[in-house]
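Numbering (UniProt numbering), first residue to last: 1 to 680. Glycine residues also receive a C-beta, built at the ideal position from the N, C-alpha and C atoms.
Written out as structure tokens, the structure is:
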């Protein structure tokens, strides 16, 4: 079947004769066919119209969807971008023109990113829609810039005003006027700022004058300021402000007057203290600074102490010279002055008596200082005193010992017999004692040994280490006896180190956890043993060592006393022997004091038994008898007494004393028995 295009079908005209020719069968068939074609064309057209309408609908829907997408971006990203740019313009970070350019650039770039998702048929419309909305945003930048410019001008004006106040007043005014001229501010604002500047400068000037006057205690300047305020010199401040500043100045005047009154009262009150300090300084003999002397003079001026101050100032040279003398020289001069005053007349006896009284005060103070803290006298003599650090006793015992010996030699160098050796200064002693007490037995022995070693060969070396141990021991004589034992290397008959036993026992006694016999029992046994062989300080030191050794042996032997009345004879005998070195009982001698002395006791060289000791005595009796012509029996009838003197070799010697206690003397020579080789 052949298809005829619709356009051709529509253009074919039927012959006009058909309108007049009666239908035949073939003709009616053709007519029917033609009607079918027309119906089909009609439907085709309707379908096309429907399709076109659908296409237009879809296009409109796509365009609407794209527009919504743009709206979403414009209400979020575009809105945010505009907000950020407005903030920058408001804050003066960016101009309105720069913000517009920045926004346009962002808008173009952002739409370009979105364009590919836009429908082709509506791209131009959508672009126009985007641009129209974008253009609406930029006019809002300019008002913000104008407002920011005004705010910036105000800020600059404030800063300029602050800077202007730093200049001298006239120069600051010129700077302010010049700088304000270039700012876009109302003229009234500029004039107000100039007036406020002058007001501020008036206030600053007034406050500055008040501060300077108060700092310099200058009441006259404050009074002048009050007059200036009353006379209207400061014309830029208002009445209330002027009155407030005037009241402030008057208040400061009252405060300064009160301060001066208080200071004067205080000066009078402390004048006594200042004078006493000055008096003390004068009496030390130290040279005084001129400023110090003058300051004290000003402080005591017009007070009851001014006369005394003048007296000590005039006599300071004499008092200084006197204070530098030794106590024996001071006493000699005092006695000479007293004798002179008694035997001759004086033009000014009151002053001389007063000077003598000061001399006696200086002498008494120096005696006291020499007994309690001789290092102070060393310092006043201009000699450096070593500070004894507590930690050095353990960490550097040799260094501590060297410092101690140096202090002691300085004290001895003062050549003052009334000075009591005390190598450790009073201010250092409490901490030094604590450190010494905290040391172990071995550490104490090491320190004592080092102290003895450093003192060896030094004049009065034994006195130096003895005085030091006396200070550190707080009067406990056992430490000094431990030093004697360490220096002489005392050993018991069993070979035990005596110094160690003493220090160990002293530690035990300090702990107070061990039961030992009460002192009455120990003293009785000790006295029975030593008899007359020891007395005074020697007996006291030996007893202290005996008690410590007894405690040491008790702990070492784990002996348990039942109570303080109980004692061990074995421990007692050992402690007595170790603490004294042994006692010899002399029975064959001329009795004295009506026969009351039955047994005579004398200390032997340390650790020597009776047989060996008697052998040395026999040899000595024979030598003396041979050289003096006296009989041995006569010599044996004399009592033995351990001599303080030693042989040229340092050996122990014994005096031979008669019933009156006088040593044997023949031909003007004192004869003694020498114990050959015995030095301890």
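Shown here, residue 656 sits in a strand according to DSSP, grouped into three states. Rounded to whole angstroms, residue 680 and residue 606 show a C-alpha spacing of 6 Å.
Non-local beta-carbon contacts of residue 640 in its own chain, meaning distances under 6 Å to residues more than five positions away in sequence, involve 586, 602, 654 in chain order. Boundaries of the beta strand (DSSP E) harbouring residue 673: 672 to 674, taken from the DSSP string. About 15 Å separates the Cβ atoms of residue 430 and residue 468, ruling out a contact at the 8 Å cut-off. When 557, 550, 657 are compared, the shortest CA-CA separation from residue 577 is found for 550. The criterion of a C-beta distance shorter than 8 Å is satisfied by residue 414 and residue 378.
DSSP, read as helix, strand or coil, puts residue 666 in strand. Sequence-distant Cβ neighbours of residue 575 in its own chain, meaning closer than 7 Å and more than five residues away, are 546, 549, 550, 553. Annotated three-state conformation of residue 377 is helix, per DSSP. Counting C-beta atoms within 10 angstroms of its own C-beta, residue 535 has fewer than 16 neighbours from the protein chains shown and is therefore classed as exposed.
Excluding residues up to 5 positions away in sequence, 540, 541, 544 lie with their Cβ nearer than 6 Å to the Cβ of residue 477 in the same chain. Rounded to whole angstroms, the separation of the alpha carbons of residue 60 and residue 50 is 15 Å. Shown here for residue 501: same chain residues with a beta carbon closer than 6 Å to its own, the five before and five after excluded, namely 549, 552 in chain order. Under the three-state reduction of DSSP output, residue 643 falls in the strand class.
The stretch 100 to 113 and the stretch 129 to 144 touch, with three or more beta-carbon pairs separated by less than 8 Å.
With a cut-off of 8 Å on Cβ pairs, the stretch 401 to 415 is in contact with the stretch 451 to 458, counting three or more such pairs.
In the three-state DSSP reduction, residue 491 falls in the strand class (E or B). Minimum Cα-Cα distance from residue 451 among the listed residues 402, 492, 627 corresponds to 402. Contiguous alpha helix (DSSP H) elements confined to the stretch 46 to 94 occur at 79 to 90, taking only those with 4 or more residues. At least 8 Å separates the beta-carbon of residue 470 from that of residue 418.
Per DSSP, reduced to three states, the secondary structure at residue 602 is strand. If you look at residue 385, you'll find it isn't in any beta strand (DSSP E); DSSP assigns it neither H nor E.
In the pairwise beta carbon analysis, the stretch 176 to 191 is classified as touching the stretch 154 to 164: at least three pairs are separated by under 8 Å. According to DSSP, residue 583 shares a beta bridge with 603.
Following the DSSP letters along the chain, one finds residue 257 inside the alpha helix (DSSP H) bounded by residues 239 to 284. Counting along the chain, residue 197 sits inside the alpha helix (DSSP H) bounded by residues 187 to 215. Judged by DSSP secondary structure, residue 287 falls outside any alpha helix (DSSP H); it is assigned neither H nor E.
Rounded to whole angstroms, the Cβ separation of residue 284 and residue 323 is 6 Å, and the two are in contact under 8 Å. Beyond the five residues adjoining it in sequence on each side, residue 267 comes within less than 7 Å, by CB distance, of 299 in the same chain, given in chain order. If you look at residue 552, you'll find it in the alpha helix (DSSP H) that goes 536 to 556. Around residue 515, the same chain offers 561 as residues with beta carbons nearer than 6 Å, after the five sequence neighbours per side are excluded. Following the DSSP letters along the chain, one finds residue 314 inside the alpha helix (DSSP H) bounded by residues 306 to 323.
Around the beta carbon of residue 97, fewer than 16 other beta carbons sit within 10 angstroms, so the residue counts as exposed. Minimum Cα-Cα distance from residue 223 among the listed residues 206, 253, 194 corresponds to 253. Per DSSP, the continuous alpha helix (DSSP H) segment holding residue 369 begins and ends at 349 to 372.
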